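Q: First to last, the sequence lines map onto chains Y and W. The opening residue of the first sequence carries number 260 in our numbering; numbering runs sequentially from there. The opening residue of the second sequence carries number 260 in our numbering; numbering runs sequentially from there. Note that beta-carbon positions come from the ideal geometry of N, C-alpha and C, so glycine has one too. Here the structure is a predicted model, which means the values were calculated and not measured. I am attaching a structure below and will ask some questions about it afterwards.
Protein chains: 2
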Amino acid sequence: MTSLKKTPVPEWWEETAPGSFRSLFKWGAPDQFKHPNRGLINLLMKTFGMEAADFIRPQLVGDDPVNEIIPGHLSDVQIARLSEIVGEENLKLDCYTRIKKSYGAGMIDALRLRRKIIEGIPDAVVNPRSKSDLALVIAYCDQQRIPVYTFGGGSSVTRGLEAVAGGITIDMSAHMHKVVAFNEIDQTITIEAGMSGPQLEEALNQAPARFNARRRFTCGHFPQSFEFSSVGGWVVTRGAGQNSTYYGKIEDLVLSQEYVTPCGTIRTPPFPRTATGPDIDQIMIGSEGTFGVLAEVTLRIFRLMPENRTCFSFMFKDWQSALAATREIMQSEAGVPSVYRLSDPEETEVGMNLYGIAGTTAETILKTLGYRPMQKVLLLGSTDGEKGYCRNIDRMIRKICLASGAFDLSPFNITHKWEKDRFRDPYMREDLQDFGILIDTLECAINWSNLESVHSQVRNYIKSRPQTICMTHLSHVYPQGANLYFIFIAKIASIKEYLDLQYGILEMIQKSGAGISHHHGVGKQTAPWLEENIGSASMDVIRALKRHFDPNNILNPGGTLGLDLNPEQRARSWGKDLKG
Amino acid sequence: MTSLKKTPVPEWWEETAPGSFRSLFKWGAPDQFKHPNRGLINLLMKTFGMEAADFIRPQLVGDDPVNEIIPGHLSDVQIARLSEIVGEENLKLDCYTRIKKSYGAGMIDALRLRRKIIEGIPDAVVNPRSKSDLALVIAYCDQQRIPVYTFGGGSSVTRGLEAVAGGITIDMSAHMHKVVAFNEIDQTITIEAGMSGPQLEEALNQAPARFNARRRFTCGHFPQSFEFSSVGGWVVTRGAGQNSTYYGKIEDLVLSQEYVTPCGTIRTPPFPRTATGPDIDQIMIGSEGTFGVLAEVTLRIFRLMPENRTCFSFMFKDWQSALAATREIMQSEAGVPSVYRLSDPEETEVGMNLYGIAGTTAETILKTLGYRPMQKVLLLGSTDGEKGYCRNIDRMIRKICLASGAFDLSPFNITHKWEKDRFRDPYMREDLQDFGILIDTLECAINWSNLESVHSQVRNYIKSRPQTICMTHLSHVYPQGANLYFIFIAKIASIKEYLDLQYGILEMIQKSGAGISHHHGVGKQTAPWLEENIGSASMDVIRALKRHFDPNNILNPGGTLGLDLNPEQRARSWGKDLKG
């Protein structure tokens, strides 16, 4: 513990000047922060051989104002027409807005903005007020061959928003965030796609006041980006929330959708299941703005019953026994947990500090019982649903974990500690970057029989790089497999160095036989790996659908979903020649 | 009860001469029968004003041998090449086989065969031995523009198999019914698409002996046609089993598929969930043989745990309270039942006899308590899963049903009685038809808020026809809605009269706002209603996919999925001019 106390705590940068570069790339609210704790700083210093002096001067903090003037390429006539459609006040031509609405929350976005590298921004940002505005804008842009990008919450980590070909960005969050219909009988809500996570949950939680409902509801969809992501973004990227093991991924929650496409509006029926041909909903979900712009969506909703929730956490002796227990839980048919998060040995070591187990008697007991550092594995989670349902799966989890030699840590309230900060971890990214430390993530989808192999191949690849932290957890579990989520932390000096690592990990995920994305989507950055991952025959289907919906390729052009990769993307080196 | 005893029991026709027309249209095994009981005969006599004399002489029994010689249109060169690919013994040119493999189990199929109307048969039946046979056959047929139809189990009720344009029918059941891989870790099985339901369940139930597995498994997919349907048929029609409320519809069970298409082979990855663009699996599921021929499929499997099953049955005072209770059960988040079957008042009256409640003290008690004929509503069902899970949802069902004023009939073992005959009811069709009585079904998908309205609109339409029995049940329930299954029984003299009724019901289902198919698929007969049901924009997507996979329209041509409707189909009068 001495070392922890000796660790300097840097003077974290807490200014987010309006109009500054930092205000563009800083995660979350400008005045909100979560700074790394002493434990993490200590780990970083040890790992990277850093000293107190290295934490004195933050670098590339991006406090300069965005004064750039980047001319757009729309003609006066085009600007006039777009302005006529949405109203003058809903057409933005200033550079700040154009950057803000085309940079996402990926590490590459922050790295570029810290270096004042501005690229791939639209010529204008358009804020449609309604479906009819949207339809007019799309039809006009198709006629004029103006590229169209769509902004929801801005949390893409795959360069999904980037207006590579210029044109316009449609900002769905400006006006199109309203509830269209609420149906308590069917337990559905229909909303405009620009609605944010908190707006949706607020409406559902307050259903008695808002809609005169008998009950309170939840959508159950809580991605880490919850507070700054949009429902439309969830849908078009096939996202998942942290509670998806119970509530399902977004593709399990969508009942009906309305998209505006260059070939017209498409609206799907709201039936829970049908046998009327291919599932059109599942064609549009995951289309990432390349087939159409999602205007409205009808989602399944659930009863809000936090009073039934149970929490659990366990320490396993090793990764193998933890994986076997997890599989048994998911295949037991005793119901499913809601949050289920299993940290690998390296992440568990960090968790020991994070969740306050280190230095307690529990740590001593664990040591005595043979739970060893860099071998033991931490599980935390919770249940959702009706009371008896929660109890039954909770009982089963306990039974299986204990039978697998796991130690019950539930009294330590680890799940609560995790939950308290569940949406706040991304705030630390800026602090670390201020001192040259990069933290990023990649995730993938795997079947059980290949999970250990994927984990060790990808982890070994990351760890083969000197001085690199690799924490992995398994979350979003299924009877047939799971998602693996790799977090890597490294001291990285240049964009090229970052992309070498990032792309190298992607190559290794691909090689290991995993699906290259479980819930982040594909975007433009992961796209070069897509065709190999899903196969050329499947890629041909996506291309055929693209030709149908968007024959002039105005929607999200620039490599999204691998549809029109540029040579740099094809070479899997996109961005590596950026300076800095 | 006196009337029942007085009812004559006809001498049911029990000959199924090999090679006869009857052998083509009789449901199920040639030597298996389930004859209508006295109660049903009594009901029919009363409804149709029939007398004992009407049950003496069976009509149009189809005992003549199929002696027809219908020349095919394949050239000698084509026959030689196909024969070369699959082997001479796997190319069938005889008329009997060509009829057998292109007529389904729909009422229209039986009506035509009873009248010796043969149409829409292929020129040859081809039995591929392997995926590579299949690929060669498809490529050759595409090159030669030979139409290709696919036969799995032959249980289509939508004219799905009919070789309207001649060409060949590929019989997947001949050889391609093998297990390709069994994976206990992932709980998956990969099989060739021609495998039948019983073949699949046998393999899974006997997994310890067959695959050296630790456990026994089930697929949980039991459509009424289980014994004579194929896994491939389930998948390409988006079918459902009677236990789908727990196990899911087939689209929930498919993990990975391999199709042979004119533009090559497409194989999807087996991950439980991904975020890599549109879901290609959900494009191919429901494609009904128009995009490709399903060669192999990987399915999720479940542990076989019949020992945990609980059964329940209740009598509600009326349809409204039963629907409200059902919705509450499905929205309670206490887990889900497996079989859940709620009969409307008219079906309940038949059930009273069928399940032996009529004439017992239970009937007296029900009457005393105010459960009235043609108002009361019967629920039966069962649970599946782990023991505690079963108990929890069973407890919740009981609680909700009792709170809704339902009477607990569970001690009467009604679910067991239903289960015993669950696959056998279709056998009665031939008996009834022998005496001019037609029984047929149509089903649809509905959200809760529209369910009562759809039920009354469709039912009223059917009942507006004099002397017509209409029994309806709700099964396959979801938090957002359910399937409604209409069974109609009528004395019908001609094919036109049948189709007038059938098509009229379809029109009314359409008009009521329901989805026109929940699990039967679309085929060629329901296809004329598809575009209006899903919308032209969705239909355009299906057409675009068709152009991609099958540009020469060799796969299942003739209106399937509404892709190439003939004028009669467009006029929604297909088949009405058939004589007889």
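Of all the residues that make up the region 798 to 832 of chain W, which are near chain Y by a beta-carbon distance shorter than 9 Å?
A: Within the region 798 to 832 of chain W, the residues whose Cβ lies closer than 9 Å to some Cβ of chain Y are Met798, Asp799, Val800, Ile801, Arg802, Ala803, Leu804, Arg806, His807, Phe808, Leu820 and Gly821, listed in chain order.
Q: List the residues of chain W whose Cβ lies closer than 7 Å to the Cβ of Y:Asn651, in chain order.
A: The answer, in chain order, is Gly647, Tyr648 and Asn651.
Q: What does the alpha-carbon distance come out to for the pair W:Leu733 and Y:Glu587?
A: Cα to Cα, W:Leu733 sits roughly 34 Å from Y:Glu587.
Q: Just to confirm my understanding: we take Y:Met431, look at its own chain, exclude 5 residues before and 5 after, and list those with CB closer than 6 Å. What are they?
A: Within the same chain, Y:Met431 has close Cβ partners Gly411, Ala452, Gly453 and Gly491.
Q: On a Cα-Cα basis, can you pick out the residue from W:Lys805, W:Ile801, W:Gln784 and W:Leu625 that is closest to W:Arg831?
A: Taking only the C-alpha atoms, the option nearest W:Arg831 is W:Gln784.
Q: Buried or exposed, going by whether 16 or more other CB atoms sit within 10 Å of the CB of Y:Asp353?
A: Answer is exposed; the Cβ neighbour count stays below 16.
Q: Identify every run of the beta strand (DSSP E) within the region 343 to 423 of chain W, keeping only runs that are complete inside it and at least 3 residues long; order them along the chain.
A: For the region 343 to 423 of chain W, whole beta strand (DSSP E) runs of length 3 or above, ordered along the chain, are 383 to 385 and 407 to 410.
Q: Name, please, each residue of chain Y whose Cβ falls closer than 7 Å to the Cβ of W:Gln739.
A: Residues of chain Y passing the Cβ test: Asp445, Gln446, Thr447, Leu514, Pro531 and Arg559.
Q: What are the residues in the region 560 to 592 of chain Y lying within 8 Å of chain W by C-beta distance?
A: Those residues of the region 560 to 592 of chain Y that come within reach of chain W (Cβ to Cβ, closer than 8 Å) are Phe561, Arg562, Met564, Arg586, Gln590, Ser591 and Glu592.
Q: If you draw a straight line from the alpha carbon of Y:Ile764 to that of Y:Leu701, how long is it in whole angstroms?
A: Going by the C-alpha atoms only, they are around 8 Å apart.
Q: Give the DSSP-derived three-state secondary structure of W:Ala853 in the structure shown.
A: Lying before the first or after the last residue shown, residue 853 of chain W is absent from chain W, which here runs from 260 to 839.
Q: For W:Asp577, name the three-state secondary structure that DSSP assigns.
A: Three-state result, W:Asp577: coil.
Q: The alpha helix (DSSP H) that contains Y:Val717, what's its start and end?
A: Per DSSP, Y:Val717 belongs to the alpha helix (DSSP H) from Trp707 to Lys722.
Q: Counting Cβ pairs, one atom from each stretch, are 3 or more of them under 8 Å apart for the region 683 to 696 of chain W and the region 279 to 296 of chain W?
A: Short answer: they touch.
Q: So, helix, strand or coil for W:Thr261, using DSSP?
A: Low local confidence applies: a pLDDT of 39 at W:Thr261 is under 50, so the model's placement there is unreliable, and no value is given.
Q: Mind listing, in chain order, the continuous alpha helix (DSSP H) runs of no fewer than 4 residues lying wholly within the region 573 to 648 of chain W?
A: DSSP runs (the alpha helix (DSSP H)) wholly in the region 573 to 648 of chain W: 578 to 590, 604 to 613 and 620 to 627.
Q: May I ask you to verify whether the region 705 to 716 of chain W touches the region 323 to 334 of chain W, counting CB pairs closer than 8 Å and requiring at least 3?
A: Output reads no: the region 323 to 334 of chain W does not touch the region 705 to 716 of chain W.
Q: Would you say W:Met260 reaches chain Y, if we count a Cβ-Cβ gap shorter than 7 Å as a contact?
A: Its pLDDT being 37, under 50, W:Met260 is placed unreliably in this model, and the coordinates cannot settle the point.
Q: When DSSP labels each residue in this structure, what does W:Arg526 get in the three-state scheme?
A: Residue state, collapsed to three classes: strand.
Q: Which chain W residues sit within Cβ distance under 7 Å of Y:Pro277?
A: Those do not exist, as Y:Pro277 stays about 34 Å from chain W at its closest Cβ, beyond 7 Å.
Q: Based on the DSSP output, what are the partners of W:Thr447 in its beta bridges?
A: According to DSSP, which records beta bridges pairwise, W:Thr447 is partnered with W:Asn442 and W:Arg559.
Q: Residues bridged to Y:Phe907 by DSSP?
A: Missing from the structure shown is residue 907 of chain Y; chain Y here goes from 260 to 839 and no further.
Q: So that I know if they touch, is there some Cβ in chain Y lying closer than 7 Å to that of W:Pro482?
A: Closer than 7 Å: no.
Q: Under 7 Å Cβ to Cβ from Y:Val513, same chain only, skipping five residues before and after it: list those, please.
A: The residues are Val494, Asp540, Ile544, Val556 and Leu558.
Q: Would you call the region 786 to 794 of chain Y and the region 384 to 400 of chain Y in contact, with 3 or more CB pairs under 8 Å?
A: Segments in contact, no.
Q: Roughly how far, in whole angstroms, is the beta-carbon of Y:Phe808 from the beta-carbon of Y:Pro521, given that I think they are within contact range, below 8 Å?
A: Indeed, because the Cβ distance is near 7 Å, the residues count as touching under 8 Å.
Q: Per DSSP, what are the beta-bridge partners of W:Glu517 in this structure?
A: Answer by DSSP bridge pairing, in chain order: W:Arg526 and W:Glu555.
Q: Express the C-alpha separation of W:His480 and W:Asn464 in angstroms, rounding to a whole number.
A: Taking the straight line joining both Cα atoms gives about 13 Å.
Q: Under a three-way DSSP split, which group does Y:Lys770 fall into?
A: Looking at Y:Lys770 - three-state DSSP - the assignment turns out to be helix.
Q: Taking the beta strand (DSSP E) that Y:Thr428 belongs to, which residues open and close that run?
A: Ile427 to Asp430 is the span of the beta strand (DSSP E), which, as asked, contains Y:Thr428.
Q: Nearest-angstrom Cα distance between Y:Pro269 and Y:Gly298?
A: Roughly 13 Å between the two C-alpha positions.
Q: Which residues in the same chain as W:Asp841 place their Cβ atom closer than 7 Å to its Cβ, once the five residues preceding and following it in sequence are excluded?
A: Because chain W spans 260 through 839 in this model, residue 841 of chain W falls outside it and cannot be assessed.
Q: Check whether the Cβ of Y:His732 lies closer than 7 Å to any Cβ atom in chain W.
A: So, not an interface residue.
Q: Please report whether the beta-carbon of W:Gly839 lies at a distance below 7 Å from any beta-carbon of chain Y.
A: Not one chain Y Cβ lies under 7 Å of W:Gly839.
Q: Would Y:Val736 be called buried (16 or more neighbouring beta carbons within 10 Å of its own) or exposed?
A: Per the 10 Å Cβ criterion, buried.
Q: At 7 Å on the CB atoms, spell out the chain W contacts of Y:Trp677, in chain order.
A: Neighbours of Y:Trp677 on chain W: none; closest Cβ ~22 Å, over 7 Å.
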